[in-house]
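One structure below.
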Amino acid sequence: MGYNQFTSQLKFDPDVRRQMQQRTMYASAGVMLNDLWQLRAVVTRIDSGTITGGVHTATVEPGWNVGVQASRRFVIDSVPNLMVGGSLSLAFALTSANYGTGDESSTLLSGDLRLGGTVGYVLFDRIVPYAAVRLFGGPVNWRAEKAGENVLGQDINKHQVGAGMTLKLPAGLYAAAEYVPIGEKAVSAELGVRF
29 MGYNQFTSQL KFDPDVRRQM QQRTMYASAG VMLNDLWQLR AVVTRIDSGT ITGGVHTATV
89 EPGWNVGVQA SRRFVIDSVP NLMVGGSLSL AFALTSANYG TGDESSTLLS GDLRLGGTVG
149 YVLFDRIVPY AAVRLFGGPV NWRAEKAGEN VLGQDINKHQ VGAGMTLKLP AGLYAAAEYV
209 PIGEKAVSAE LGVRF
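Residues are numbered in the numbering used here as their position in the sequence shown, beginning at 1, plus a constant of 28.
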């Protein structure tokens, strides 16, 4: 289970720019297909958020995001403690947003296809600091103006560059945290168990 907060810059047709912030809680379950491949399903509860940049500020209402991710670990025999990984994920979010009292909520629908890579190093068999790079894209459909129809948009920054750390705990538990200051900005924390 984990927590994620992100800030994304959006551009809606024809040239309407907005900034979206969201706070979410998620639960995921994964299975190792073999020693190198993992498949993971994620269900995310969108808790709250805002969309700013115009005359009015819109409030993002609670909603849901569901996704799947396939990831692969790469083994480099010459550097046994080096951790190199790649991932491909697909997710869809459904929520709504409105501009305040008396304004009708408008459906906010988005899709996200994301390709990622990580490089880390195992310290003391328990700590893995890592760097992460991700490229992504997908449509966002929402009523970007208070008096208007739903329009199609997309992320302006289609990348993330950040760093994180995973800590192996007793009884199969692990904790992880990540900070992404470049591109789509994000911060996340996760606590899980490996069986």
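Cβ atoms here follow ideal geometry from the backbone N, Cα and C, with glycine treated the same way. Keep in mind the model is a prediction, meaning the values are calculated, not measured.
Reference residue i; option with closest CA among the options
i, options, result
"Gly30", "Leu64, Val71, Asn62, Lys39", "Val71"
"Leu143", "Val83, Met48, Lys186, Phe34", "Lys186"
"Asp43", "Tyr207, Glu173, Phe223", "Glu173"
"Tyr207", "Val107, Met193, Leu201, Leu64", "Met193"
"Ala55", "Leu61, Leu64, Asp63, Arg68", "Arg68"
"Ala119", "Phe34, Val94, Ala125", "Val94"
"Trp92", "Ala121, Ala98, Trp170, Phe223", "Ala121"
"Leu137", "Leu116, Ala160, Leu64, Gly166", "Gly166"
"Gly130", "Ala175, Val221, Gly139, Arg101", "Ala175"
Cβ neighbour criterion (16 or more within 10 Å) applied to residue i
i, result
"Val96", "exposed"
"Val107", "exposed"
"Trp170", "buried"
"Gly211", "buried"
"Arg162", "buried"
Own chain partners of residue i with C-beta closer than 7 Å, once the 5 adjacent residues on each side are dropped
i, result
"Asp75", "Arg51, Thr52, Met53, Pro90"
"Ile104", "Leu110, Val112"
"Gly77", "Met48, Gln49, Gln50, Arg51, Val88"
"Leu64", "Arg100, Arg101"
Contacts around residue i, its chain only, beta-carbon distance under 6 Å, and the 5 residues preceding and following it disregarded
i, result
"Pro45", "Position check: residue 45 holds Arg in this sequence, whereas Pro was assumed. Correct list, in chain order: Lys39, Gly81."
"Gln37", "Gln47, Ile184, Asn185"
"Gln33", "Arg51, Val215"
"Thr146", "Gly113, Tyr158, Ala160"
N-terminal and C-terminal residue of the beta strand (DSSP E) that residue i is part of
i, result
"Lys196", "187-196"
"Val208", "201-211"
### Message
Please give the ranges of any alpha helix (DSSP H) in the stretch 55-101, keeping only runs that are unbroken, at least 4 residues long and fully inside the region.
### Response
none
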